[in-house]
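*Asks:*
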Amino acid sequence: MNDECQTLLAEVREMLAGADKLNETGQHGAAMEQAYHASEHVAAAYLLATTGRRMPSNDSTYDLFAKTIREPNRHPAALQTIREVVGDVCALREIYEPALLAETSPKDAQQMIDCVAALAGLVESTS
Amino acid sequence: MIPAKQFRQQLGGLYTAVMPCDQSDPRHRGALEKILSDTIQHEAKVHGAEFDPVAFRNVMRAMQSGDVEILFLAAAWELAKPKIVGATINFRSLSLQRAENGLIAKNGIYSEDVCLLPKIIRELVLERPSGKDFLDEGIGTHYIRECMTYFAKKGMRGGIIPTGQTFEFAPDNTKIVKIQEQLGAVLGQEETSGLFRLNEITDAIRSKWLVPVELRGAPLIGSASDPHNFAVLWSSYDEQQKVKAAFTRGLSTFKGRPVSQGQIISNGKLPEPPVMECVLASVLKAANEEIQERGWGRLDHEPALSETAAVFGVKPPLMHIHVLNEPEVIAGLHSLGVEKRLLGLHASQTASLDLAKASGGAIRPIKLIGSEAANNPYFSLVG
């Protein structure tokens with residue numbers, strides 16, 4: 000993993016720590032939003048590590064990442080673990096709705112933060 | 000409530016099912032009220048509308064009258080613990096298509112709402128057993144395709160098999176756009192397509208010369224004519240130029256009031272704009288009169304009009320007009336003072352989906368880049 004990629008993942012950790020703090024201080028919607036965007040940074044970091052291309056952190060990059068990382072030959076040893084964690088984050092991203100952020104509960108935000116943190120850890124260990 | 004045999008296990012281990020609401024089953028009726036209340040409240044929040052309990056009561060009554068076709072979406076990690084994760088609300092409709100010899104109207108479906116309940120999806124994530132995982136194609140894509148497959152294979156009430164689906168979408172809703180693109184839907188673009196709203200016949204429509212149009216009923220199986228659908232056709236004297244419109248009796252699930260869903264297509268050969276405006280004005284006027292005659296402005300459970308009021312008929316409900324890839328029709332509607340329908344600050348758009356294609360299981364691939372392309376992804380790919 001190159002330096003730029005490490006930097007991106009360090010940013011992810013910072014974002015998630017920030018999301019945790021936001022959640023603790025009652026800003027659950029902002030915490031959810033931050034964790035959502037952190038998942039896109041994870042995607043950009045992974046694609047940077049594997050292709051050398053810096054891609055924007057957005058929905059399309061995340062989709063490409065999710066499809067790519069679950070290819071059967073890519074991480075044979077960790078395929079099932081990867082599939083499970085990527086699947087969890089994909090499901091949570093699907094129901095992420097900016098218009099409803101104000102109704103986010105601390106539990107909902109924590110679930111997103113934890114899942115993205117697990118994903119980041121996985122990417123770090125496999126890239 | 001959901002028999003185990005209805006479920007199919009997906010790759011990854013999640014069991015999913017789509018099933019119609021059976022109004023004769025008290026458990027279904029109970030579940031319907033709960034799921035619809037959650038669904039409509041969720042949709043209202045997403046679109047910035049107020050949830051109206053009176054409107055909801057109207058929607059529930061409309062369900063009982065059989066006007067609306069609802070499919071429950073269910074999921075389970077273990078068959079003993081199924082969950083209803085959402086619902087779709089649909090109406091029997093017509094699907095207009097260009098054909099070699101003109102324009103044809105086939106059985107279709109108008110989808111009013113599709114909703115996944117976030118709370119239930121979060122529960123599924125939380126309860127996921129180790130070693131199992133979610134669907135690669137995404138939950139939304141999976142359920143929309145399953146619903147379309149259900150209708151394409153099993154049909155709607157009365158054994159009607161729809162061939163095409165029409166629906167409205169918000170162009171800034173990137174998630175639904177992505178899902179529908181994956182399924183192969185034709186999504187309207189601002190330059191050539193639009194969704195319009197007509198509260199009542201405008202002065203501009205009234206002022207146009209009327210041209211002859213033909214009203215065509217939509218047959219149901221047997222000899223009956225569908226009370227909820229009809230078409231209006233205009234042809235030039237030499238039959239070279241054609242415009243066809245179809246109208247469906249629908250219901251706003253926010254407002255609990257009837258809405259007529261209209262679609263207009265042409266055979267691509269159209270008269271000059273001034274004549275085109277007369278054609279569209281004639282089609283809309285004829286449709287409006289037919290809708291008034293059919294009493295679509297009144298919900299089934301509402302009391303019938305008094306004899307005096309019946310002379311004037313029921314005021315036609317709000318009309319939504321879907322126009323897909325017909326720039327001349329759009330220009331004509333603008334000239335007639337028909338406004339775009341807005342969802343929040345943005346103009347809403349129309350889309351259509353070929354059900355045979357959508358239910359065939361083909362998913363458009365996301366193009367892999369660089370070295371990724373060398374590996375064979377296991378998800379299904381089409382060219």
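If you read the sequences in order, they're chains A and B.
In terms of numbering that gives the first Met the number 0, the first sequence opens at residue 0 and continues consecutively.
In terms of numbering that gives the first Met the number 0, the second sequence opens at residue 0 and continues consecutively.
Backbone N, C-alpha and C define an ideal beta-carbon position, used for all residues, glycine too.
Near A42 (chain A), which residues of its chain fall below 6 Å by C-beta distance, leaving aside the five closest residues on each side in sequence?
*Replies:* Stepping through the first sequence from its first residue, residue 42 (chain A) is reached at position 43. T60, Y61 and F64, listed in sequence order.
*Asks:* Does any residue of chain A have a CB that is nearer than 9 Å to the CB of H41 (chain B)?
*Replies:* Counting from one through the second sequence, the residue named residue 41 (chain B) turns up at place 42. It does; some Cβ of chain A falls within 9 Å.
*Asks:* Compare the C-alpha of D66 (chain B) against each of B:G249, B:K207 and B:A98 and name the closest.
*Replies:* The count along the second sequence starts at 1 and reaches residue 66 (chain B) at position 67. Closest by alpha carbon: B:G249.
*Asks:* For a contact defined as C-beta to C-beta under 8 Å, what are the partners of Q110 (chain A) on chain B?
*Replies:* Along the first sequence, read from residue 1 onward, the residue named residue 110 (chain A) stands at position 111. Neighbours of Q110 (chain A) on chain B, chain order: R121, V124 and L125.
*Asks:* Rounding to the nearest angstrom, what Cα-Cα distance links E276 (chain B) and F6 (chain B) in this structure?
*Replies:* By one-based count along the second sequence, residue 276 (chain B) stands at place 277. By one-based count along the second sequence, residue 6 (chain B) stands at place 7. So the alpha carbons of these two residues sit roughly 51 Å apart.
*Asks:* Is any beta-carbon of chain A found at less than 9 Å from that of K241 (chain B)?
*Replies:* The residue given as residue 241 (chain B) occupies position 242 in the second sequence. The Cβ of K241 (chain B) sits no closer than 9 Å to any Cβ of chain A.
*Asks:* Nearest by alpha-carbon distance to A94 (chain A): which of A:N72, A:M31 and A:S126 is it?
*Replies:* As a position in the first sequence, residue 94 (chain A) is number 95, starting the count at 1. A small fix is needed here, since residue 94 (chain A) is Ile in this sequence, not Ala. Checking every option, the nearest Cα to that of I94 (chain A) belongs to A:M31.
*Asks:* Less than 8 Å between C-beta atoms, sequence neighbours within five positions excluded: which residues of the same chain meet that for L189 (chain B)?
*Replies:* Here residue 189 (chain B) refers to the residue found at position 190 when the second sequence is read from its first residue. Checking the sequence, you will find Glu at residue 189 (chain B) rather than Leu. Excluding residues within five positions, the ones whose Cβ falls inside 8 Å are P170, A346 and Q348.
*Asks:* Determine, for A135 (chain B), whether the minimum Cβ-Cβ distance to residues of chain A falls below 9 Å.
*Replies:* Here residue 135 (chain B) corresponds to residue number 136 of the second sequence, with the count starting at 1. First, the residue type needs correcting, since residue 135 (chain B) is Asp and not Ala in the sequence shown. It does: the Cβ of D135 (chain B) has a partner Cβ on chain A nearer than 9 Å.
*Asks:* Pairing CB atoms from the region 125 to 134 of chain B with CB atoms from the region 287 to 306 of chain B, are three or more of them under 8 Å?
*Replies:* no
*Asks:* Using the Cα positions of D24 (chain B) and Q63 (chain B), report the straight-line distance between them to the nearest angstrom.
*Replies:* Counting from 1 along the second sequence, the entry for residue 24 (chain B) is found at position 25. Counting from 1 along the second sequence, the entry for residue 63 (chain B) is found at position 64. Using only the alpha carbons, I get a separation of about 12 Å.
*Asks:* P218 (chain B) by DSSP, collapsed to three states: which one?
*Replies:* Taking the second sequence and counting its residues from 1, one reaches residue 218 (chain B) at position 219. If DSSP states are grouped into helix, strand and coil, P218 (chain B) belongs with the strands.
*Asks:* What are the start and end residues of the alpha helix (DSSP H) that includes M14 (chain A)?
*Replies:* Taking the first residue of the first sequence as 1, we reach residue 14 (chain A) at position 15. D2 to E23 is the span of the alpha helix (DSSP H), which, as asked, contains M14 (chain A).
*Asks:* Quick one: is A361 (chain B) near chain A, going by C-beta distance under 9 Å?
*Replies:* Along the second sequence, read from residue 1 onward, the residue named residue 361 (chain B) stands at position 362. At A361 (chain B), the pLDDT of 46 sits below 50, so the modelled position is not reliable and the matter cannot be decided from this model.
*Asks:* List, in order along the chain, the chain A residues whose C-beta lies closer than 7 Å to that of K138 (chain B)?
*Replies:* Here residue 138 (chain B) refers to the residue found at position 139 when the second sequence is read from its first residue. In the sequence as presented, Lys is not what sits at residue 138 (chain B); that position holds Ile. Those are A90 and E93, listed as they occur along chain A.
*Asks:* Kindly indicate which residue of A:C114, A:I68, A:I81 and A:L78 has the alpha-carbon position closest to the one of A18 (chain A).
*Replies:* Position 19 of the first sequence, counting from 1, holds the residue named residue 18 (chain A). For the residues A:C114, A:I68, A:I81 and A:L78, the minimum Cα distance to A18 (chain A) belongs to A:C114.
*Asks:* Please report the straight-line C-alpha distance between K241 (chain B) and K254 (chain B), rounded to a whole angstrom.
*Replies:* Here residue 241 (chain B) refers to the residue found at position 242 of the second sequence. Here residue 254 (chain B) refers to the residue found at position 255 of the second sequence. Cα to Cα, the separation comes out at about 35 Å.
*Asks:* Measuring straight from C-alpha to C-alpha, what distance separates F90 (chain B) and E213 (chain B)?
*Replies:* Taking the second sequence and counting its residues from 1, the one referred to as residue 90 (chain B) is at position 91. Taking the second sequence and counting its residues from 1, the one referred to as residue 213 (chain B) is at position 214. In a straight line, the C-alpha of F90 (chain B) is about 24 Å away from that of E213 (chain B).
*Asks:* Out of B:I69, B:L354, B:A303 and B:I290, which one is the CA nearest neighbour of E111 (chain B)?
*Replies:* Translated into positions along the second sequence, residue 111 (chain B) becomes position 112. Among B:I69, B:L354, B:A303 and B:I290, the Cα nearest to that of E111 (chain B) belongs to B:I69.
*Asks:* Should T129 (chain A) go down as buried or exposed, given a rule of 16 or more other Cβ atoms within 10 Å for buried?
*Replies:* Residue 129 (chain A) is absent from the model: chain A starts at 0 and stops at 126.
*Asks:* V45 (chain B) CB to nearest chain A CB: under 9 Å?
*Replies:* On the second sequence, position 46 is the one that residue 45 (chain B) refers to. Yes, because at least one Cβ of chain A sits closer than 9 Å to the Cβ of V45 (chain B).
*Asks:* For N198 (chain B), which three-state DSSP category applies?
*Replies:* Translated into positions along the second sequence, residue 198 (chain B) becomes position 199. In the structure shown, N198 (chain B) sits in coil (DSSP, three-state: anything other than H, G, I, E or B).
*Asks:* State yes or no: is the C-beta of E390 (chain B) within less than 9 Å of the C-beta of S192 (chain B)?
*Replies:* Given that chain B is displayed from residue 0 to residue 382, the structure contains no residue 390 (chain B) and the question cannot be resolved.
*Asks:* What does DSSP give as the partner residues of H321 (chain B) in its beta bridges?
*Replies:* On the second sequence, position 322 is the one that residue 321 (chain B) refers to. Answer is B:L194 and B:Q262, bridged to H321 (chain B).
*Asks:* Residues of chain A with CB closer than 8 Å to the CB of T173 (chain B), please, in chain order.
*Replies:* Within the second sequence, the letter at position 174 stands for residue 173 (chain B). What T173 (chain B) touches in chain A: D58.
*Asks:* Whose Cβ in chain B lies nearer than 7 Å to the Cβ of Q79 (chain A)?
*Replies:* To locate residue 79 (chain A), count along the first sequence from 1; it is residue 80. Residues of chain B passing the Cβ test: G130.
*Asks:* Pull out every residue of the region 3 to 27 of chain B whose Cβ sits closer than 8 Å to any Cβ of chain A, in chain order.
*Replies:* Going along the region 3 to 27 of chain B in chain order, one finds G11 with a Cβ nearer than 8 Å to chain A.
*Asks:* How would you label W208 (chain B), buried or exposed, when you count the other beta carbons within 10 angstroms and need 16 or more for buried?
*Replies:* As a position in the second sequence, residue 208 (chain B) is number 209, starting the count at 1. When all chains shown are included, W208 (chain B) counts as exposed.
*Asks:* Spell out whether any CB of chain A is found under 9 Å from the CB atom of K177 (chain B).
*Replies:* Position 178 of the second sequence, counted from the first residue, corresponds to residue 177 (chain B). Yes, K177 (chain B) counts as interfacial toward chain A.
*Asks:* Could you tell me whether the region 155 to 167 of chain B touches the region 98 to 112 of chain B, using the rule of 3 or more Cβ pairs below 8 Å?
*Replies:* yes
*Asks:* In terms of residues, what are the limits of the alpha helix (DSSP H) holding F90 (chain B)?
*Replies:* Translated into positions along the second sequence, residue 90 (chain B) becomes position 91. Note, F90 (chain B): premise wrong, no alpha helix (DSSP H); beta strand (DSSP E) at K82 to A98.
*Asks:* Can you give the beta carbon distance from P105 (chain A) to H27 (chain A), rounded, assuming they're within the 8 Å contact cut?
*Replies:* Looking up residue 105 (chain A) in the first sequence gives position 106. Looking up residue 27 (chain A) in the first sequence gives position 28. Contact holds; Cβ gap of about 5 Å.
*Asks:* Which of the three DSSP states, helix, strand or coil, is assigned to D353 (chain B)?
*Replies:* The sequence position of residue 353 (chain B) within the second sequence is 354, counting from 1. DSSP places D353 (chain B) in strand when its eight states are reduced to three.
*Asks:* Give the secondary structure of M18 (chain B) by DSSP, where H, G and I count as helix, E and B as strand, and everything else as coil.
*Replies:* What you label residue 18 (chain B) is simply residue 19 of the second sequence in a count that begins at 1. M18 (chain B) falls in the strand class under three-state DSSP.
*Asks:* What are the residues of the region 205 to 224 of chain B that lie near chain A, defined by any Cβ-Cβ distance shorter than 8 Å?
*Replies:* Answer set for the region 205 to 224 of chain B: empty.
*Asks:* Residues of chain B with CB under 7 Å from A99 (chain A), in chain order?
*Replies:* On the first sequence, residue 99 (chain A) is found 100 positions in, with the first residue counted as 1. Looking at the sequence provided, one finds Leu at residue 99 (chain A) rather than Ala. By Cβ distance, chain B contributes K44 and V45.
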